[in-house]
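S.K.:
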Amino acid sequence: MVRSLQAKEGFGSISMKWLKVYGLPRLPLFLARIAMRLGLPGPSWYKWKAASSGTGVILDEMIRAADDLGYNGQKIAQLAMSRIGEKQGRDLREQLGVRTMKDTVDVVMLANRFFDIEITLTEQKEGRYVINADRCPWFGGMGKEGVPGWDVKPCAAFSTYEKALVKAINPNVKLSYTEKRTTGGQTCRGVYQYRDEALGDGPAGGVKPEMVQIGRKPGKREKAPAE
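Residue 47 in my numbering sits at position 47 of the sequence shown; the count goes up by one each step and never skips.
1. Could you check which residue in Gln78, Gly205 and Ile119 has the C-alpha nearest to that of Arg135?
2. Please report how far the alpha carbon of Asp60 lies from the alpha carbon of Gly206, in whole angstroms.
3. May I ask you to check if the CB of Ala66 is nearer than 8 Å to at least one heavy atom of the ligand FAD?
4. Any idea if Lys163 is buried or exposed, counting beta-carbon neighbours within 10 angstroms, 16 or more meaning buried?
5. Need the endpoints of the alpha helix (DSSP H) that Glu86 sits in, please.
6. I need the straight-line Cα distance from Gly12 to Arg64, nearest angstrom please.
7. Please list, in chain order, all residues of the same chain as Arg93 whose beta carbon is under 6 Å from its beta carbon, the five residues on each side excluded.
8. Who are the Cβ neighbours of Gly140 in its own chain at under 7 Å, not counting the five residues just before and after it?
9. Which same chain residues end up closer than 7 Å to Val108 when comparing Cβ atoms and leaving out the 5 residues on each side of it in sequence?
10. Name the residue from Ala156, Gly202 and Leu175 whose alpha carbon lies nearest to the alpha carbon of Arg181.
11. Looking only at DSSP bridge pairs, what is Val173 linked to?
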């Protein structure tokens with residue numbers, strides 16, 4: 001009885017030992033040992049966190065490897081992430097029927113939560129949504145450590161994925177970032193706005209790319225023949 005009370009009183013002072021592996025979230029060392037000895041897959045909560053964290057690490061290392069080989073690693077990563085975002089956005093639009101600006105915000109926030117990113121909607125009004133991401137598994141935040149070396153390049157590539165996702169769902173919605181922690185900001189702030197306010201969410205079937213006119217260069221006018 002005395003020993004159990006002493007154990008309870010001293011529990012707060014016991015230091016937990018952690019398994020710390022590059023690019024993966026921390027795991028209590030005793031859980032890792034148990035899983036290894038018994039041939040278990042490990043806690044389910046850890047597996048999805050490890051998968052989301054590992055995605056960012058692979059992206060980061062691919063950029064560095066491409067740079068080391070003389071290529072533009074960031075450009076390559078942004079192209080790849082853009083293609084993924086476009087394909088996923090197209091599937092979501094077709095299968096879930098997502099069309100509106102609100103739909104795009106909901107989808108991107110869900111995707112962020114899948115990647116274990118702490119994200120909140122901070123502003124909502126007609127034609128404008130603002131979100132804040134205060135923690136991610138790669139840069140850290142809110143008392144959590146990130147991945148060593150995570151910087152602007154992989155962060156920009158992931159942002160390209162989000163922008164492509166938004167564009168595939170509603171081509172008239174633009175996602176821009178007014179603040180990022182990788183460039184010294186206090187948070188990562190994303191702003192959703194219409195490219196063409198008059199068009200908005202478009203007809204019931206959703207906006208098609210050809211409906212969005214803003215940003216297109218005017219066609220060349222043919223010169224009248226000299227008389």
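C-beta atoms are modelled at their ideal positions from N, C-alpha and C, and glycine is treated no differently.
M.R.: Taking the geometry as given:
1. Ile119
2. 35 Å
3. With respect to small molecules bound, the structure shown includes none, and the ligand FAD cannot be examined in it.
4. buried
5. Gly73 to Leu96
6. At Gly12, the pLDDT of 49 sits below 50, so the modelled position is not reliable and the matter cannot be decided from this model.
7. Ile169
8. Gly146
9. Glu162, Leu165 and Val166
10. Ala156
11. Tyr194
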